[in-house]
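So in the working numbering, spot 98 of the sequence shown is number 106, and the numbers just go up one at a time. Note that the Cβ used here is the ideal one computed from N, Cα and C, for glycine as well. Quick caveat, the model's predicted, so the values are computed rather than measured.
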Amino acid sequence: MQRDQTVFKLIGKELTRQREGIELIASENFTSLQVMEAMGTSLTNKYAEGYPGRRYYGGCEIIDEIEQLAIDRIKQVFNCGYANVQPHSGAQANAALMLALLQPGDRILGLDLSMGGHLSHGSPVNFSGKLYEAHFYTVKKDTGIIDYEMLEEKALSLKPKLIICGASAYSRDYDYARMRRVADEVGAFLMCDIAHPAGLIAKNLLSSPFDHCHFITSTTHKTLRGPRGGIILMKNDFENPMGLKDPKGNKRMMSHILDMAVFPGTQGGPLEHVIAAKAVAFGELLSDDFTVYAKQIQKNAQAMSKALLAKGYQIISGGTDNHLMLIDLRNKNITGKKAQETLDKAHITLNKNAVPYDDKSPFVTSGIRIGVPAITTRGMKEEQMPAIVEFIDQVLMNIDNTAIVGSVKEKVKEFMQAFPLYPELKN
Ligand code: DSN
Numbered sequence: 009m010q011r012d013q014t015v016f017k018l019i020g021k022e023l024t025r026q027r028e029g030i031e032l033i034a035s036e037n038f039t040s041l042q043v044m045e046a047m048g049t050s051l052t053n054k055y056a057e058g059y060p061g062r063r064y065y066g067g068c069e070i071i072d073e074i075e076q077l078a079i080d081r082i083k084q085v086f087n088c089g090y091a092n093v094q095p096h097s098g099a100q101a102n103a104a105l106m107l108a109l110l111q112p113g114d115r116i117l118g119l120d121l122s123m124g125g126h127l128s129h130g131s132p133v134n135f136s137g138k139l140y141e142a143h144f145y146t147v148k149k150d151t152g153i154i155d156y157e158m159l160e161e162k163a164l165s166l167k168p169k170l171i172i173c174g175a176s177a178y179s180r181d182y183d184y185a186r187m188r189r190v191a192d193e194v195g196a197f198l199m200c201d202i203a204h205p206a207g208l209i210a211k212n213l214l215s216s217p218f219d220h221c222h223f224i225t226s227t228t229h230k231t232l233r234g235p236r237g238g239i240i241l242m243k244n245d246f247e248n249p250m251g252l253k254d255p256k257g258n259k260r261m262m263s264h265i266l267d268m269a270v271f272p273g274t275q276g277g278p279l280e281h282v283i284a285a286k287a288v289a290f291g292e293l294l295s296d297d298f299t300v301y302a303k304q305i306q307k308n309a310q311a312m313s314k315a316l317l318a319k320g321y322q323i324i325s326g327g328t329d330n331h332l333m334l335i336d337l338r339n340k341n342i343t344g345k346k347a348q349e350t351l352d353k354a355h356i357t358l359n360k361n362a363v364p365y366d367d368k369s370p371f372v373t374s375g376i377r378i379g380v381p382a383i384t385t386r387g388m389k390e391e392q393m394p395a396i397v398e399f400i401d402q403v404l405m406n407i408d409n410t411a412i413v414g415s416v417k418e419k420v421k422e423f424m425q426a427f428p429l430y431p432e433l434k435n
């Protein structure tokens with residue numbers, strides 16, 4: 009068969025784009041070459057419905073070893089007792105967890121999407137908001153911090169079956185113990201979606217939800233720096249309180265209910281090439297190098313936030329504890345949409361984002377979200393953060409001046425040459 013020049017040419021162009029630009033999308037990262045290599049392997053050819061040692065297909069003995077390795081490694085990373093590494097994504101992990109715990113129409117309580125929450129935590133446009141009765145807590149208008157009093161009041165009056173913590177645009181740590189007290193008071197399960205800060209939690213740089221939440225879900229490609237995918241974890245397995253029993257009348261353990269909710273509940277054949285890449289990434293996570301990386305993420309985020317504040321940018325909650333920050337551009341009279349589109353022209357990639365109590369639509373927004381995991385992978389340290397803020401500021405302060413925006417693009421390209429990406433790859 010002839011090599012598909014069309015597709016590979018486009019893949020090459022994308023690599024050039026990634027190499028030349030400053031990547032500030034908080035949910036993106038650059039995997040190691042060995043993580044990418046594991047994904048492009050013969051494992052993509054294999055069907056392996058089921059779990060290690062209990063598959064529906066023959067020929068799974070090697071696949072079993074690989075998947076078990078991924079499970080064992082991620083359990084070691086988070087010092088936890090249960091892991092399912094099959095979810096194709098974070099949203100799939102959340103779907104499976106909800107399927108395991110809830111009946112249609114059950115109440116759930118999560119952080120409002122417009123306050124930094126996530127689509128799969130009950131948004132009306134997502135399955136979670138269509139199948140379940142979703143309610144939301146917010147952040148406080150004056151501080152940008154989660155309104156725990158509101159969360160408690162809503163939980164007490166609504167008696168949700170599931171309380172969700174975790175967000176996609178929240179820069180502060182959580183009071184998990186407080187949320188667990190509320191969950192216990194109303195008899196709810198507590199889950200935490202750690203997709204964003206997982207890499208920092210893995211290295212004990214943020215509070216750990218594991219001692220307080222019944223369930224943890226995550227993606228594997230953000231601060232965990234693995235392939236695109238999801239996971240479900242529990243600190244300890246426990247007997248399911250829903251009373252579900254096996255054919256012999258014994259109460260099923262939650263691990264069994266969760267496994268069944270992933271497959272056959274919400275997915276078919278697992279992506280074993282991705283699971284192999286997860287195993288590689290989880291091995292990297294266990295290394296001291298990753299500890300250094302995770303610490304650098306936090307230092308870079310703090311340096312970036314300081315440099316932005318120095319230029320008069322308003323950061324929601326006044327700063328960051330993790331890898332990201334949310335900037336309200338209303339004092340600069342620029343919309344998130346315009347900022348994202350113009351920064352893109354200068355090869356600075358980030359996303360527009362609603363800010364809490366935004367007066368603009370989600371398609372326009374008043375803010376932008378900035379994250380540093382990807383530039384930290386490129387080798388940047390605190391001293392590069394003011395330079396990046398300077399580029400951003402030059403673009404935003406000259407937003408309609410194509411000559412200046414074009415000149416920043418050239419400066420960005422030159423700047424990035426000191427931080428090579430995949431030098432071993434030709435294109
Ligand atoms: N798309 C992810 C993010 O950017 O945070 C959430 O799913």
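- With 16 or more other CB atoms across the displayed protein chains lying within 10 angstroms of its CB, N330 is buried.
- Contact between V194 and L164 holds: their C-beta atoms lie close to 6 Å from each other, under 8 Å.
- Secondary structure of N37 (DSSP, three-state): coil.
- The beta carbon of A382 lies closer than 8 Å to those of E31, L32, I33, E36, N37, F38 in the same chain, with the five residues before and after it left out.
- In the displayed model, M250 falls within coil according to three-state DSSP, outside both helix and strand.
- Taking G152 as reference, the option from A177, L105, L139 with the minimal CA-CA separation is A177.
- Relative to the ligand DSN, even the nearest heavy atom lies 7 Å or more away from the CB of G124.
- The alpha-carbon separation between Y301 and T357 amounts to approximately 21 Å.
- If only complete runs of 4 or more residues are kept, the stretch 151-207 shows the alpha helix (DSSP H) at 156-166, 184-194, in order along the chain.
- Under the 10 Å beta carbon count, N359 is surrounded by 16 or more other beta carbons and is classified as buried.
- Within the model, the alpha-carbon separation for L117 versus C173 is close to 9 Å.
- According to the DSSP assignment, A91 belongs to the beta strand (DSSP E) that extends over 90-92.
- With fewer than 16 neighbouring CB atoms inside 10 Å of its own CB, G61 falls in the exposed class.
- Annotation: M250 to A395 spans about 55 Å, alpha carbon to alpha carbon.
- In this structure, the alpha-carbon of D80 lies about 34 Å from that of R27.
- The nearest non-hydrogen atom of the ligand DSN is less than 7 Å from the C-beta of S176.
- Per DSSP, A269 is not a residue of any beta strand (DSSP E), being assigned neither H nor E.
- In the three-state DSSP reduction, G379 falls in the strand class (E or B).
- Straight-line spacing of the CA atoms in D245 and M261 works out to 7 Å.
- For the pair K417 and N406, the Cα-to-Cα distance works out to about 13 Å.
- Between I82 and F290, the C-beta spacing is below 8 Å.
- In this structure, E75 places its C-beta atom within 8 Å of the C-beta atom of E280.
- Placement of the Cβ of A34 at a distance of less than 7 Å from at least one heavy atom of the ligand DSN is found.
- Beta-bridge pairing by DSSP links F223 to M199.
- DSSP places A142 within a strand segment (E or B) once states are collapsed to three.
- R386 carries a coil assignment under DSSP once its states are collapsed to helix, strand and coil.
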